[in-house]
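**Q** Please find one structure pasted underneath; my questions will follow.
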Amino acid sequence: MAAPTLAGMPLELLVHIIATYLSTKDLGALRLSSKYFETALFNTFAKEFFTKKQFMLTTPSLEVLIAISKHAALSKFVKHVIIGIETYDHPTAHIPSAAAFWAYRHGWADQTNLFNTGRDRLMLAQAFRNLPNLTTLGIRDYDATGRVRDDNNRWRSYGAPTAERETGIRFTRPSTEIASRAYQVLLQALADAEKTIPAIEVILRMRTGLNDHAFFVPLDEKLNSALNGLQQLLLTLDLKSLDVPFLIVGPKHGPEKSHFLQSFLLRTPALSHLRLNFQIHDKKGPSRVIEHLCTTNNILPNLERLDFGMMTIDPGLLLQILTKFPILRHISLWKITVGSIDSASHWRDSEGCFNPWPVILRCLSGKNPQVRGVMVGCLEVKDYSAPAYRTTANITFANNKASQEYLGDMSAWLTKAIDDLTVQWPAPPADDSASASENEGEDEDMDDIHNEDND
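Residue 163 in our numbering sits at position 104 of the sequence shown; the count goes up by one each step and never skips.
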């Protein structure tokens, strides 16, 4: 009886048991050990490593993207291309050796040339033309986790580990300007390739976002075609700066910080899913964006899902935007602070504490009966009229959870969510409590103050 071999195993067992638990290096070695294994494992290998692929804006990295796009078999697996915005920008960095110095200088010169000549746009367009199943383009400033084969290591832009190993220097944290330029380059490359895709995702985590100028789009028929087909747009924004330092405008005629974004969204009529994540330190930009969306007619007529993240906003304005779109079916609110200088009683609870969230959630049920999905989490209230120590409070739900999510009939769920909603007001500082005790001299009054501060 012949000894059992790997090649004699059923294909399902080979793929789902052996290949699943091999490291990337060992999987590659197994595939190259024979023509049989290379063929048998090709689909599994291609789906895992080529369905979603991240590249950086350097010639070596983009050349690999082009090579993949020209591969008759691999090109069909690529659905999601991500551009990492690693940049060579270390003017004061310590270079460990002469070889590292020249490697860094070469990389910096190459990337500078790509940016200055627009060669990155040409290379991206060439690749996009040859990817028949491309559905999503993305921009990231971080390395995603989830490489289960390699001790949960991170997925990095192709070429980044090699460049860092050769230069001895980690890539810098990217800037708003680099991210905004990359966004425009992707759009123009998409137009040059005469490609229409349903999704663009800009997910930035390093206190970086797209400025308003990223959304300046010239009148171009090919670009209009690309925008007309867009269905999902996930954006991270940084609107705190207009990036025009030499212009000084009077307060009555101040520039609108989301003018180009508003114009951009008017050119995406098929958009059904919009996510806007802001910068937590930007106190004015989010409100201006929301005001524009609220007051602009015929914008986003097919919007079904709306996500907001990391912003401070007036509760009335938030309610206005959440009830604007007639076919909206899903709402997501993450790290949202509602605050207002308006002391109107309808924003306060039965004990007089500022808490607009119950009103907002009730209106979602009453004015948006078509909504079938809601996710809320890490909510806050900001009472500008409260003492300094308790202007901001966290919102929790049942079992002290910071978030809630539900799919289905909203009316019953929202009623329960509102009943479970609690405002975690900070307790007064110890010295304030002592002072109150000395002034009032009664335990009952002390209890009243404590209860009020924790409502």
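Virtual Cβ for every residue (Gly too), placed ideally from N, Cα, C.
Remember, it's a predicted structure, so these values are computed and weren't measured experimentally.
At what residues does the alpha helix (DSSP H) containing residue 166 begin and finish?
**A** Translated into positions along the sequence shown, residue 166 becomes position 107. First-last of the alpha helix (DSSP H) with residue 166: 157–176.
**Q** Under the assumption that residue 295 contacts residue 256 (Cβ atoms under 8 angstroms), give the Cβ distance between them as a whole number of angstroms.
**A** Position 236 of the sequence shown, counted from the start, is the residue given in the question as residue 295. Position 197 of the sequence shown, counted from the start, is the residue given in the question as residue 256. That belief does not hold up - the Cβ atoms of residue 295 and residue 256 are roughly 19 angstroms apart, past 8 angstroms.
**Q** Do the stretch 399–417 and the stretch 356–363 meet, that is, are 3 or more Cβ pairs less than 8 angstroms apart?
**A** Flag = no, the stretch 399–417 and the stretch 356–363 do not touch.
**Q** Give me the DSSP bridge partner(s) of residue 355.
**A** Mapped onto the sequence shown, residue 355 falls at position 296. None; residue 355 has no bridge partner.
**Q** Just curious, the alpha helix (DSSP H) that residue 323 is in, first and last residue?
**A** Looking up residue 323 in the sequence shown gives position 264. Taken as a continuous stretch (DSSP letters only), the alpha helix (DSSP H) holding residue 323 covers 318–325.
**Q** What do you get for residue 95, buried or exposed, if any count of 16 or more other CB atoms within 10 angstroms of its CB means buried?
**A** Here the question's residue 95 lines up with position 36 in the sequence shown. Answer is exposed; the Cβ neighbour count stays below 16.
**Q** With residue 334 as the anchor, note down where its beta strand (DSSP E) starts and where it stops.
**A** Taking the sequence shown and counting its residues from 1, the one referred to as residue 334 is at position 275. 332–336 is the span of the beta strand (DSSP E), which, as asked, contains residue 334.
**Q** Can you tell me whether residue 313 is helix, strand or coil according to DSSP?
**A** The residue given as residue 313 occupies position 254 in the sequence shown. Residue placement at residue 313 cannot be trusted, given a pLDDT of 49 that sits under 50; what the coordinates show is reported in the next sentence. Correct three-state label for residue 313: coil.
**Q** Considering just the uninterrupted stretch of the beta strand (DSSP E) at residue 453, what are its terminal residues?
**A** Within the sequence shown, numbered from 1, the residue matching residue 453 stands at position 394. Taken as a continuous stretch (DSSP letters only), the beta strand (DSSP E) holding residue 453 covers 451–455.
**Q** If we ignore side chains and look at the alpha-carbon of each, how far apart do residue 417 and residue 99 end up?
**A** Here residue 417 is taken as the residue at index 358 of the sequence shown, counted from 1. Here residue 99 is taken as the residue at index 40 of the sequence shown, counted from 1. Cα to Cα, the separation comes out at about 57 angstroms.
**Q** Round the Cβ separation of residue 371 and residue 441 to the nearest angstrom and send it over; I've been treating them as touching at under 8 angstroms.
**A** Taking the first residue of the sequence shown as 1, we reach residue 371 at position 312. Taking the first residue of the sequence shown as 1, we reach residue 441 at position 382. Confirmed, Cβ separation roughly 7 angstroms.
**Q** Could you tell me which of 324, 270, 266 and 263 sits nearest to residue 285, measuring between CA atoms?
**A** Against the sequence shown, residue 285 aligns to sequence position 226. Nearest option by C-alpha distance: 324.
**Q** State buried or exposed for residue 493, treating a residue as buried only when at least 16 other CB atoms are found within 10 Å of its CB.
**A** Here residue 493 corresponds to residue number 434 of the sequence shown, with the count starting at 1. The pLDDT assigned to residue 493 is 45, lower than 50, so where the model puts this residue is not dependable; a value taken from the coordinates is nonetheless given after this. Classification for residue 493: exposed.
**Q** What would DSSP say about residue 405, mapped onto helix, strand or coil?
**A** The residue given as residue 405 occupies position 346 in the sequence shown. Reduced to three states, the DSSP call for residue 405 is helix.
**Q** List, from N- to C-terminal side, the beta strand (DSSP E) runs of 3 residues or more that fit wholly inside the stretch 212–246.
**A** Within the stretch 212–246, the complete beta strand (DSSP E) runs of at least 3 residues are 212–214.
**Q** Under 7 angstroms Cβ to Cβ from residue 258, same chain only, skipping five residues before and after it: list those, please.
**A** If you number the sequence shown from 1, residue 258 lands on position 199. Taken in chain order, the residues that qualify are 194, 195, 290 and 291.
**Q** For residue 156, which residues in the same chain have their Cβ closer than 8 angstroms to its Cβ, ignoring the five residues on either side in sequence?
**A** Indexing the sequence shown from 1 puts residue 156 at position 97. Within the same chain, residue 156 has close Cβ partners 227.
**Q** What residue range does the alpha helix (DSSP H) around residue 376 cover?
**A** Here residue 376 corresponds to residue number 317 of the sequence shown, with the count starting at 1. Note, residue 376: alpha helix (DSSP H), 374–381.
**Q** Please tell me whether residue 134 has its Cβ less than 8 angstroms away from any Cβ of chain C.
**A** Absent from the structure: chain C. Only one protein chain is present.
**Q** Is residue 364 helix, strand or coil when you go by DSSP?
**A** Here the question's residue 364 lines up with position 305 in the sequence shown. Of the three classes helix, strand and coil, the one that applies to residue 364 here is strand, per DSSP.
**Q** My parser needs the beta strand (DSSP E) runs of 3 or more residues fully inside the stretch 116–147; what are they?
**A** List check, beta strand (DSSP E) in window: 139–143.
**Q** Could you please give me the residues that DSSP links to residue 199 through a beta bridge?
**A** Sequence index remark: in the sequence shown, residue 199 carries index 140 (1-based). 143 and 262.
**Q** Would you call the stretch 377–393 and the stretch 429–444 touching, i.e. three or more CB-CB distances under 8 angstroms?
**A** Cβ pair count under 8 angstroms is three or more, so yes.
**Q** Take residue 379 and list the residues in its own chain whose beta-carbon comes closer than 7 angstroms to its own, dropping the five residues that flank it on each side.
**A** What you label residue 379 is simply residue 320 of the sequence shown in a count that begins at 1. Correct list, in chain order: 353.
**Q** May I ask you to report which of helix, strand or coil DSSP gives residue 493?
**A** Within the sequence shown, residue 493 is the residue found at index 434, counting from 1. Note that residue 493 scores a pLDDT of 45, beneath 50, so its modelled location is shaky and nothing firm can be said.
**Q** What would DSSP say about residue 419, mapped onto helix, strand or coil?
**A** Counted from its first residue, the sequence shown places residue 419 at position 360. Three-state DSSP puts residue 419 in a helix.
**Q** Using 10 angstroms around the beta-carbon of residue 72, count the other beta-carbons present and answer buried if the total reaches 16, otherwise exposed.
**A** Locating residue 72 in the sequence shown gives position 13, counting from the first residue. So residue 72 counts as exposed.
**Q** Is residue 135 near residue 191, with beta carbons less than 8 angstroms apart?
**A** Stepping through the sequence shown from its first residue, residue 135 is reached at position 76. Stepping through the sequence shown from its first residue, residue 191 is reached at position 132. Cβ distance < 8 angstroms, so residue 135 and residue 191 count as in contact.
**Q** Would you report the Cα separation of residue 204 and residue 381, rounded to the nearest angstrom?
**A** Reading the sequence shown from its first residue, position 145 is the one you call residue 204. Reading the sequence shown from its first residue, position 322 is the one you call residue 381. Between residue 204 and residue 381, the C-alpha separation is close to 33 angstroms.
**Q** Between which two residues does the beta strand (DSSP E) containing residue 470 stretch?
**A** Here the question's residue 470 lines up with position 411 in the sequence shown. Looking at the DSSP string, residue 470 is not in any beta strand (DSSP E); the run it does join, the alpha helix (DSSP H), is 469–479.
**Q** Just tell me which of 88, 137, 121 and 412 has its CA closest to the CA of residue 106.
**A** Taking the first residue of the sequence shown as 1, we reach residue 106 at position 47. Nearest C-alpha to residue 106: 137.
**Q** How many Å lie between residue 254 and residue 248 at the Cα?
**A** Here residue 254 is taken as the residue at index 195 of the sequence shown, counted from 1. Here residue 248 is taken as the residue at index 189 of the sequence shown, counted from 1. In a straight line, the C-alpha of residue 254 is about 9 angstroms away from that of residue 248.
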